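Enquirer: Sharing a structure with you now.
Given below as structure tokens:
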């Protein structure tokens, strides 16, 4: 995703894109319930899913 954005910036062409800011609601409780290692995996999985959706749509 970052390399795609860097290439877009090099061409200096106007483009439409989306920027996604995500917060895992209840993350403190997730960490308290599952512990650090498992909670980090849950959060990483969630962010990976969001990244795939953005990538699939080329950030648009």
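Numbering (our numbering), first residue to last: 84 to 143. Cβ coordinates follow ideal geometry from the N, Cα and C atoms, glycine included. Keep in mind that this is a model prediction, so the values were computed, not measured.
1. Might you give, ordered along the chain, the residues of its own chain that have their beta carbon closer than 8 Å to the beta carbon of residue 126, omitting 5 neighbours on each side?
2. Between which two residues does the alpha helix (DSSP H) containing residue 92 stretch?
3. When the distance is taken between beta carbons, is residue 101 closer than 8 Å to residue 133?
Expert: Reading off the structure:
1. If we look at residue 126 and ignore the five residues flanking it on each side, its Cβ neighbours are 107, 110 and 113.
2. According to the DSSP assignment, residue 92 belongs to the alpha helix (DSSP H) that extends over 85–94.
3. Not in contact: residue 133 and residue 101 (Cβ atoms no closer than 8 Å).
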